[in-house]
Structures are given as structure tokens and as C-alpha cells.
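Numbering (the numbering used here), first residue to last: 130 to 277.
Have a look at the structure below before the remarks.
Structure (C-alpha cells):
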């Protein structure tokens, strides 16, 4: 019998802690689906979530990050049209100037109140949850969704 399982991924919310308001880093994707997104990617076999996050952050933004905490796991089967993925989203901090590399065509530093309107995948929802967390200190849960 063959089993089909979701692919584990990691997305990283990188707050630039050496700048006022701690803006976040987004990448413009080089590969489909095109558009703005959180840095991230697939977790390699034998790799921890934290190692994958640090690797992906370095590959796409050229930044060394410090993981702060996990925000939430996102598993809607339709979150990625290419295949069913489960993303573990980590919050990280970094200092310096990000530089687009690897899968990133371009890079942007955005204030949380001036994000691009449309983001790839479910990154609008993730950043909504992150904004709620920054405002209230409460992590998202399915039992108590963040309300504006």
C-alpha cells in the first residue's frame, strides 16, 4: 500500500530587531507561484525545524537569524496549490541588511501596517496572526481565533 503524506515546510517571520518598529523581511519569489512571501521552504530529511528555518533564512535573505519561538502550524490542504504541505511558522530576529539570494528574486523590508496586499500561499493569514500576537501577546489557536 502506498501512503500520501503532506510535505513538512517551515516559514520564518524575520523581524529586524536593529530597526525601529521591527519591520519584517519578505521575499519576492523567483519560482511559481510568483509574488511576495515569507522566507521558507521544505524541511530536508534528517533536519530539525529550527535548522531548516535558519538554513532557509540564510539561503533566501543572507541573514543569520535567532529563533524566538514557534507561532503556529498551518495545515489547510489548499494552502499550497502545488501539493499538500504543513508549515511550521517560526518567529525569528536578525540584524543587518537582507540581500535576496537563492529562490528570492527580490527582497523587501515591510512595516507590519504596510504589507503587500496579496501574498503567496496563506501568508496573509499567517501575518494577520503574527500582528495579533505582537499586539496582544496571544498565540493563535483554533479554539480562539484572533479577532480584529
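Where is the CB? At the ideal position from N, CA and C, for every residue including glycine.
Only a predicted model underlies this, so the values are computations on that prediction, with no experimental measurement involved.
Worksheet item: From the DSSP output, which residues share a beta bridge with residue 164?
Response: Partner residues in a beta bridge of residue 164, as assigned by DSSP, do not exist.
Fill in: Counted within 10 angstroms of its Cβ, other Cβ atoms place residue 201 as buried (16 or more) or exposed
The residue is buried, with at least 16 neighbouring Cβ atoms inside 10 Å.
Item to complete: Note the first and the last residue of the continuous beta strand (DSSP E) segment covering residue 253.
Response: The continuous stretches of beta strand (DSSP E) do not include residue 253, which lies in the alpha helix (DSSP H) extending over residues 252-265.
Fill in: Of the residues 264, 130 and 153, the one placed nearest residue 252, counting alpha carbons only
In terms of CA proximity to residue 252, 153 leads the group 264, 130 and 153.
Discussion item. Three Cβ pairs or more, each shorter than 8 angstroms: is that satisfied between the stretch 222-229 and the stretch 180-196?
Written reply: Counting Cβ pairs under 8 angstroms, three or more are found: they touch.
Item to complete: Would you kindly report the start and end of the unbroken beta strand (DSSP E) that includes residue 157?
Response: Looking at the DSSP string, the run of the beta strand (DSSP E) that includes residue 157 is 153-158.
Worksheet item: Which first and last residues belong to the alpha helix (DSSP H) in which residue 180 is found?
Response: Where residue 180 is concerned, the enclosing alpha helix (DSSP H) stretches over 178-190.
Discussion item. Quick check on this structure: which residue in 203, 255 and 141 has the alpha carbon closest to the alpha carbon of residue 170?
Written reply: Residue 170 has its Cα closest to that of 141, out of 203, 255 and 141.
Fill in: First and last residue of the uninterrupted beta strand (DSSP E) at residue 213
Premise fails: residue 213 is in no beta strand (DSSP E) and is neither H nor E.
Practice prompt. Assign residue 255 to buried or exposed, taking buried as 16 or more other Cβ atoms, counted over all protein chains shown, within 10 Å of its Cβ.
Written response: Here residue 255 is buried. Its C-beta has 16 or more other C-beta atoms within 10 Å.
Worksheet item: What do you get for residue 136, buried or exposed, if any count of 16 or more other CB atoms within 10 angstroms of its CB means buried?
Response: Residue 136 counts as exposed, since fewer than 16 other beta carbons sit within 10 angstroms of its beta carbon.
Worksheet item: Considering only residues of the same chain and omitting the five flanking positions on each side of residue 175, which have a CB-CB separation below 7 angstroms?
Response: No residues qualify anywhere along the chain.
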